[in-house]
Amino acid sequence: MIMKLNGMEDSGMFAPFKPNEKVNEEDFVTASCIKKYPTPVLTYKDVPYRSALTFNAGVIKQKDRYVMVFRNDVGDFENQKLDGITNMGLAYSKDGFKWEVEPEPCFYLRTKEIMRAYDPRITFIDDEYVMCFAVDTRHGVCGGIATTKDFKEFDLKSISVPENRNMVLFPEKVNGNYVRLERPMPVYSRDGNYFDIFLSESPDLVYWGKSRLVMGTESVPFCNDKIGPGAPPIKTDKGWLMLFHSVDVDPNRGKNGWEKYWRKRYVIGVALLDLNDPGKVIGMSKKPLIVPDDEFEKTKGYRSNALFPCGALLEDNGIVRIYYGACDCCIRVAEAKVEDLIALCTDPL
Ligand code: BMA
Numbered sequence: 014m015i016m017k018l019n020g021m022e023d024s025g026m027f028a029p030f031k032p033n034e035k036v037n038e039e040d041f042v043t044a045s046c047i048k049k050y051p052t053p054v055l056t057y058k059d060v061p062y063r064s065a066l067t068f069n070a071g072v073i074k075q076k077d078r079y080v081m082v083f084r085n086d087v088g089d090f091e092n093q094k095l096d097g098i099t100n101m102g103l104a105y106s107k108d109g110f111k112w113e114v115e116p117e118p119c120f121y122l123r124t125k126e127i128m129r130a131y132d133p134r135i136t137f138i139d140d141e142y143v144m145c146f147a148v149d150t151r152h153g154v155c156g157g158i159a160t161t162k163d164f165k166e167f168d169l170k171s172i173s174v175p176e177n178r179n180m181v182l183f184p185e186k187v188n189g190n191y192v193r194l195e196r197p198m199p200v201y202s203r204d205g206n207y208f209d210i211f212l213s214e215s216p217d218l219v220y221w222g223k224s225r226l227v228m229g230t231e232s233v234p235f236c237n238d239k240i241g242p243g244a245p246p247i248k249t250d251k252g253w254l255m256l257f258h259s260v261d262v263d264p265n266r267g268k269n270g271w272e273k274y275w276r277k278r279y280v281i282g283v284a285l286l287d288l289n290d291p292g293k294v295i296g297m298s299k300k301p302l303i304v305p306d307d308e309f310e311k312t313k314g315y316r317s318n319a320l321f322p323c324g325a326l327l328e329d330n331g332i333v334r335i336y337y338g339a340c341d342c343c344i345r346v347a348e349a350k351v352e353d354l355i356a357l358c359t360d361p362l
């Protein structure tokens, strides 16, 4: 037999797979280059309409202001009651820390088939904003993509097949195509929640293909469950800086947050992808970048021990601002120098 692999032999699709069983508890320390802003920058108290949990926000900078689209799970925070409805709110800020929320939600998807859209990520490319989000449908969870010029009118471009989510678009085309990171959730052939980061390309945000594996859970020593892309990657002269979330599960964890039990811990990791071939990891940190480490992040909120980054901005002064959902109930910011983040990405895949 003759089989032309057309470059796919180098894509990681044929990498050996051995899931991590245990993580090393001592590794769960926030990197010393990270400075966490002491208080949440957005909670339900800032929202002028019904709101219980405000978290997982896409953030982008315009000329003289910051724009945020955040996930809003509707309900009553004080009484720990959720209505089963999720919409997305819009907020503006002069400095990226103090936010004013618009009077009405800006995005809401509900049809006979679609239950809700959530976890927005925003990328500015070719004169428009592209918002990627997760879509829960009656036939599974999918990744959705919509464009907008003003966060008032949206144009829905594509919804993936299930099971897939955490779509994140690069801020530039690479070799002529849009590129997105994504995280399919295969059940067939996987003996557990070992969900990995993939990448696909598209000429038009509608048709997606040339899909390939970027990073498997087995490459992340602090993960024994799943990983997923976080914020849209940041271009640096050393490569694309990619933030991702990583999950470890401990069956001995008990009640934590509002639910009966919560056994997962979500932390934030960092890696560097090749500028011309973003499917290739050129370096990563084999230790977490940000972990839940103050009392609030460890014990409070809807789900304790859950940090989920959806936005990251490189400021003119070389500081990267990372916006992450904390405990699935508020939005927090952490900062680090871009060169310090790059310096952490020294380990090979
Ligand atoms: C993920 C998503 C996120 C959430 C996270 C932690 O699977 O549902 O929206 O923030 O879990 O609960």
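Start counting the sequence shown at 14; every next residue gets the next number (my numbering).
For every residue, glycine included, the Cβ atom is placed at its ideal position computed from N, Cα and C.
Just so you know, these numbers come straight off a predicted model, no measurement behind them.
- Annotation for LEU285: the continuous beta strand (DSSP E) segment containing it runs 277-286.
- Taking every protein chain shown into account, the CB of VAL283 has 16 or more other CB atoms within 10 angstroms, so this residue is buried.
- For ASP89, the secondary structure class from DSSP, reduced to helix, strand or coil, is strand.
- In the DSSP assignment, ILE335 falls within the unbroken beta strand (DSSP E) covering 332-339.
- Judged by DSSP in its simplified three-state form, LYS58 adopts helix.
- Taking TYR279 as reference, the option from VAL42, PRO118, GLY102, TYR220 with the minimal CA-CA separation is VAL42.
- Ranked by Cα distance from PHE211, the first of GLY222, MET228, GLY205 is MET228.
- Taking the Cβ atoms as the reference, ALA347 lies roughly 5 Å from ILE335, within the contact range of under 8 Å.
- When rounded, the separation of the alpha-carbon atoms in THR136 and VAL143 is 5 Å.
- Taking C-alpha positions only, GLY222 is separated from GLY241 by approximately 19 Å.
- Counting C-beta pairs with one atom in each stretch, the region 161-168 and the region 347-357 have fewer than three that are closer than 8 Å, which means they do not touch.
- Between ILE344 and ALA70 the beta-carbon gap is near 5 Å, inside 8 Å, which marks them as a contact.
- Excluding sequence positions up to five before and after THR150, its CB lies within less than 6 Å of the CB of GLU126, ILE127, all in the same chain and listed in chain order.
- A contact is defined here as three or more CB-CB pairs under 8 Å, and the region 313-329 meets this definition with respect to the region 258-273.
- The beta-carbon separation of GLU34 and ASN237, rounded to 6 Å, stays under the 8 Å limit for a contact.
- Annotation: the continuous beta strand (DSSP E) that includes ILE247 extends over 247-249.
- Judged by pairs of C-beta atoms under 8 Å, the region 247-255 does not touch the region 46-56, as fewer than three such pairs exist.
- Exclusion of ARG129 from the 7 Å shell around the ligand BMA follows from its C-beta lying no nearer than that to any non-hydrogen atom of the ligand.
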